[in-house]
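One structure is given below, encoded as structure tokens.
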Amino acid sequence: MRILITDANYKNSIAIQRELHRENIHEVFATDKETVFFTKRFGYCKDYLVGNLEESVKQTQPEFIIPVGSEAVTICSEKYRELCLLPPKESLEIALNKDKMVVLNFLQDVHYPECKLFSNLEELRQYSKDKNCVVKSSNESLAKFDPIYVKLASESEFDEIEKYLSGGVKLLMQERVSGVGRGFFCIAKEGKIISYYMHERIREIPITGGSSTAAKSVFCDKMFSISKQIIEYLKWSGPLMIEYKYDESNQKYHLIELNPKFWGSLDLSYALGLNFGRTLIDAYSKNVNENLEKKYEVGEKFFWVLDGDLLGLFKTGKLHKIKEYFQTNSHTNLFENFSIDLVKLMWTIKKIFSSN
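Structure follows, in structure tokens:
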């Protein structure tokens, strides 16, 4: 099968490319809008293309497309549905627009936090005068940035927020909930789970909230039950990450967001012996059965050392935690390609010695 993978330089895209290359069954191409410098160093694909997705589709004539980023998912939903495994448009609209996710609160134990769209700082000022909140892009396929945390009655982040408002970015303010970050990751087809695992964040960058730089596999019946409800209600097809905050004091899950695409911590799934790239292809091209059985080990850890974890340890004065990289149940993405590791190391050193 001729397969086109988007967002070629993303670490999750590279993970899919690597595993499909190892299987050596399919003819795989990768594309990116701006450059393929990083991904081309690995050489996992037959060819690499630079340009918009439409041009890449014309050049490669794929039989299947794996959209990795939110923008690619949106384009594929509009133009290439027959070449992808995607959820119904209505469900994708809910997942991509955080203000619409409130509809899921009628499901048992979902607890999606209060949220509201806003268009000026005065609305945010009124909303945050009696609560901590977080400001996000309402639709990451249109604008993506790390969440901005606004403390009770504080305006220290308002200048940054004003820049997004001035640029026409649609913003959402949401009540901030406490808890540890957990995620449910799966491939589903027509509302049925085909393969899944769960993880808990160990560290993230920025440390105030962002992408995982260290995570471990977990299992929780309650998280499974909540996630299964969501997937069935949305009649979901394709990859999905369901992100939660878990309050351990009262064992309560708060739904934070739905990511209708492959997630940044995909490397952990391969370390667990799962192959979501292959599972996605099988779900698209074959009749597959629902599989609710846990097929992975709990307690396995993955560290993205040069993708922010080492930097975070340095910035927080916790370099002693480097020893975690060498434990028996630990995995990293180091030594996959020396030249790429060197570039990332230089970036890390530059960040370490730059201003806070």
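Numbering (the numbering used here), first residue to last: 439 to 794. Here a beta-carbon is modelled for each residue, glycine too, at the ideal position from N, C-alpha and C.
Local conformation of residue i per DSSP, three classes
{"i": "Arg620", "result": "strand"}
{"i": "Asn570", "result": "coil"}
{"i": "Thr786", "result": "helix"}
{"i": "Gln612", "result": "strand"}
{"i": "Glu774", "result": "coil"}
{"i": "Glu738", "result": "coil"}
{"i": "Ser604", "result": "helix"}
{"i": "Cys522", "result": "coil"}
{"i": "Lys732", "result": "coil"}
{"i": "Ser529", "result": "helix"}
{"i": "Glu396", "result": "Only positions 439 to 794 of the chain appear in this structure, which leaves residue 396 out of reach."}
{"i": "Lys761", "result": "helix"}
{"i": "Glu552", "result": "coil"}
{"i": "Ser515", "result": "helix"}
{"i": "Ser494", "result": "helix"}
{"i": "Phe596", "result": "helix"}
Of the residues the options, the one placed nearest residue i, counting alpha carbons only
{"i": "Glu762", "options": "Glu738, Asp779 and Phe773", "result": "Glu738"}
{"i": "Ile787", "options": "Lys753, Asn688 and Lys569", "result": "Lys753"}
{"i": "Gln689", "options": "Gly711, Glu695, Ile443 and Lys660", "result": "Lys660"}
{"i": "Asn771", "options": "Pro500, Ile441, Lys759 and Ala453", "result": "Ala453"}
{"i": "Val615", "options": "Tyr691, Ser650 and Lys782", "result": "Tyr691"}
{"i": "Tyr587", "options": "Ile625, Glu561 and Pro644", "result": "Pro644"}
{"i": "Val607", "options": "Leu693, Phe741, Glu642 and Phe556", "result": "Phe556"}
{"i": "Glu578", "options": "Tyr518, Asp537 and Lys517", "result": "Asp537"}
{"i": "Tyr722", "options": "Ile632, Pro551, Ala581 and Phe475", "result": "Ile632"}
{"i": "Ile503", "options": "Phe622, Asn543, Gly489 and Leu523", "result": "Leu523"}
{"i": "Gly755", "options": "Thr766, Ile790 and Asp779", "result": "Ile790"}
{"i": "Asn725", "options": "Val736, Lys627 and Ile668", "result": "Lys627"}
{"i": "Ile463", "options": "Cys483, Asn447 and Val474", "result": "Cys483"}
{"i": "Leu491", "options": "Ile664, Ile443, Thr477 and Ile625", "result": "Ile443"}
{"i": "Cys571", "options": "Ile599, Leu580 and Ala581", "result": "Ile599"}
{"i": "Tyr734", "options": "Tyr602, Cys658 and Trp742", "result": "Cys658"}
Integer Cβ distance of residue i from residue j, believed to fall under 8 Å
{"i": "Leu458", "j": "Gly715", "result": "5 Å"}
{"i": "Ser576", "j": "Leu530", "result": "Actually they do not touch by this definition, with Cβ atoms about 15 Å apart."}
{"i": "Cys553", "j": "Gln497", "result": "Cys553 to Gln497, Cβ: 41 Å. No contact."}
{"i": "Asp676", "j": "Pro525", "result": "A quick correction: the sequence has Gly, not Asp, at residue 676. So it is a contact: roughly 6 Å between Cβ atoms."}
{"i": "Thr651", "j": "Gly746", "result": "4 Å"}
{"i": "Leu545", "j": "Ile668", "result": "7 Å"}
Min CB distance residue i to chain D below 9 Å
{"i": "Ala446", "result": "You won't find chain D in this structure, because it holds only one protein chain."}
CA-to-CA distance, residue j to residue i, given in whole angstroms
{"i": "Ser604", "j": "Arg639", "result": "33 Å"}
{"i": "Ser777", "j": "Arg479", "result": "8 Å"}
{"i": "Gly507", "j": "Asp445", "result": "6 Å"}
{"i": "His569", "j": "Ser592", "result": "One detail in the question is off: residue 569 reads as Lys in this sequence, not His. If you take the alpha carbons of Lys569 and Ser592, they lie about 10 Å apart."}
{"i": "Met784", "j": "Lys449", "result": "18 Å"}
{"i": "Val511", "j": "Leu730", "result": "26 Å"}
{"i": "Gly619", "j": "Ala533", "result": "18 Å"}
{"i": "Asp705", "j": "Arg563", "result": "40 Å"}
{"i": "Glu595", "j": "Arg440", "result": "47 Å"}
{"i": "Asn697", "j": "Glu670", "result": "16 Å"}
{"i": "Ala709", "j": "Ile694", "result": "26 Å"}
{"i": "Met679", "j": "Tyr550", "result": "15 Å"}
{"i": "Ser566", "j": "Lys666", "result": "33 Å"}
{"i": "Phe476", "j": "Glu560", "result": "43 Å"}
{"i": "Asp547", "j": "Leu780", "result": "45 Å"}
{"i": "Gly489", "j": "Thr469", "result": "7 Å"}
{"i": "Gln455", "j": "Val466", "result": "8 Å"}
{"i": "Lys517", "j": "Glu493", "result": "13 Å"}
{"i": "Lys713", "j": "Phe583", "result": "For the record, residue 713 in the displayed sequence is Asn; it is not Lys. Cα to Cα, the separation comes out at about 28 Å."}
Self-check item: Uninterrupted beta strand (DSSP E) stretches inside the region 441-485 (no shorter than 3 residues)
Solution: 465-470
Quiz item: Enumerated in chain order, which unbroken segments of the alpha helix (DSSP H) with a length of 4 residues or greater are wholly contained in the region 659-727?
Solution: 659-672, 704-709 and 714-723
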